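So the sequence shown is residues 593 to 751, counted in the working numbering.
Data block below; observations after.
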Amino acid sequence: MEIGRAIRERAEMLENTSLSMDFSWEELVTLAGYMGTMMYRKGTTVFEEGDREIFMCVVVKGGVTILKKDERMDPKRVTVIGVGKVMGEMSMIDGSPRSATATAAADTTLVILSKESMDRLFKEKPHVGLKLLKKIAYSMSQRLRQTTGVLVDYLERKS
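The following block contains the structure:
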């Protein structure tokens, strides 16, 4: 199968990420065909808390700081999403506005999948879409487990 250079490059970028496990090379190429690439300079906002634009990203270079506003509306660092990790997947599932702000922690390259492209993927290549959906569910499950652990630690320190 003949594939374009940009799609091949995106597939190669995805190959060493948490998203790529369980995908064959052909499935990664298919997925990459529905995705785009964006580059952000250090300090540039990827999305802001409350934004309604729906897309998910895979960090393939650099990193992204996730910030959440406290009750005084001061941004607090929640985590840093590193190379190979997925972010923004919650909005793909529930369509809600962004729950946090994401800022490039360094010069960063992201491979991005929009909600529209994901919907098209489900219609045109449902087996690849199903694998992607399982990956999203797994990623969200891992984050929930991590958050639960942090919450338990916090509650134990407080008591």
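Ideal placement from N, C-alpha and C gives every residue a C-beta, glycine not left out.
Remember, it's a predicted structure, so these values are computed and weren't measured experimentally.
Leaving aside the five residues before and after residue i along the sequence, list all residues of the same chain whose C-beta is less than 6 Å from its C-beta, in chain order.
i      : result
GLY674 : GLY655
Helix, strand or coil: how does DSSP classify residue i here?
i      : result
ALA697 : coil
ILE595 : coil
SER688 : coil
MET613 : coil
SER706 : strand
Considering only heavy atoms of the ligand ATP, does any lie closer than 8 Å to the CB of residue i?
i      : result
MET631 : With respect to small molecules bound, the structure shown includes none, and the ligand ATP cannot be examined in it.
For residue i, which residues in the same chain have their Cβ closer than 7 Å to its Cβ, ignoring the five residues on either side in sequence?
i      : result
MET630 : LEU702, ILE704
PHE647 : GLY680, ILE704, LEU705, SER706, LYS707
VAL650 : LEU606, THR609, LEU611, VAL678, LEU702, VAL703
ILE599 : VAL621, ALA624, GLY625
Looking at residue i: is its Cβ nearer than 9 Å to the Cβ of residue j?
i      : j      : result
LYS715 : SER683 : no
ALA696 : THR636 : yes
PHE639 : GLY680 : yes
LYS634 : ALA698 : yes
LYS660 : VAL670 : yes
Leaving aside the five residues before and after residue i along the sequence, list all residues of the same chain whose C-beta is less than 8 Å from its C-beta, in chain order.
i      : result
GLY642 : PRO689, ARG690
Can you say whether residue i is buried or exposed, counting buried as having 16 or more other CB atoms within 10 angstroms of its CB?
i      : result
ARG712 : exposed
GLY625 : buried
LYS750 : exposed
MET665 : exposed
GLY721 : buried
| message | List, from N- to C-terminal side, the beta strand (DSSP E) runs of 3 residues or more that fit wholly inside the region 622-674. | response | 628-632, 637-639, 647-653, 656-661, 667-673
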